[in-house]
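If you're matching positions, the sequence shown starts at 4 in this note's numbering and goes up one per residue. Here's the structure, in structure tokens; my notes come after.
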Amino acid sequence: MPVSSLLNRVLDDEAITRGLGDAEARVLVEWLVERTERLEDDDDLDAEVEVQRLCRRARAVSRFVHLWCHQRACGAALQLAAVERFGWPLPDEIDADAYDLMQAIVEWEDEQTRR
Numbered sequence: 004m005p006v007s008s009l010l011n012r013v014l015d016d017e018a019i020t021r022g023l024g025d026a027e028a029r030v031l032v033e034w035l036v037e038r039t040e041r042l043e044d045d046d047d048l049d050a051e052v053e054v055q056r057l058c059r060r061a062r063a064v065s066r067f068v069h070l071w072c073h074q075r076a077c078g079a080a081l082q083l084a085a086v087e088r089f090g091w092p093l094p095d096e097i098d099a100d101a102y103d104l105m106q107a108i109v110e111w112e113d114e115q116t117r118r
């Protein structure tokens, strides 16, 4: 499948950025676009299935950041983190900045991919 078609799937999924501010939404979408573009070079993966997995992961990350930073619903965010089995470190502060948190999460996700 052409990478442009895969990118359209990412960019058309409004649930990925629902509830986020512009800055953290941009970080998440840029991360998804970069990951999707890298799939073009990987013949071992089914790119369509991988993009679906990445979008699901991004929606869950987005929801976590929304719950933790915008709703201040830390209990719900922690439940989501447990269900989704997020491996990244949880925020140290209840009033964590959404942009900084999103940046830390996508950096952690990239680090795990490189391993």
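Note that CB positions come from ideal geometry on N, CA and C, so glycine has one too. Treat the numbers as computed from the prediction; the structure is a model and nothing was measured.
(1) Taking Val64 as the reference, give the member of Leu14, Val6, Val30 and Val52 with the closest Cα.
(2) Identify the continuous alpha helix (DSSP H) that holds Glu27 and give its terminal residues.
(3) Report the CB separation of Ile19 from Ala61 in whole angstroms; it is logged as a contact under 8 Å.
(4) Roughly how far, in whole angstroms, is the beta-carbon of Val13 from the beta-carbon of Cys58, given that I think they are within contact range, below 8 Å?
(5) Go ahead and pull the three-state DSSP assignment for Gln74.
(6) Between Leu48, Leu23, Leu35 and Thr39, which has its C-alpha nearest Leu70's C-alpha?
(7) What number of angstroms, rounded off, separates the C-alpha of Leu48 from the C-alpha of Arg21?
Judging by the given coordinates:
(1) The option with the nearest alpha carbon to Val64 is Val30.
(2) For Glu27, the uninterrupted alpha helix (DSSP H) run begins and ends at Asp25 to Leu42, by DSSP.
(3) Yes, they are in contact, since the Cβ atoms of Ile19 and Ala61 sit about 5 Å apart, within 8 Å.
(4) Contact holds; Cβ gap of about 6 Å.
(5) The answer is coil: DSSP assigns Gln74 none of H, G, I, E or B.
(6) Residue Leu23 holds the alpha-carbon nearest to the alpha-carbon of Leu70 among Leu48, Leu23, Leu35 and Thr39.
(7) Taking C-alpha positions only, Leu48 is separated from Arg21 by approximately 28 Å.
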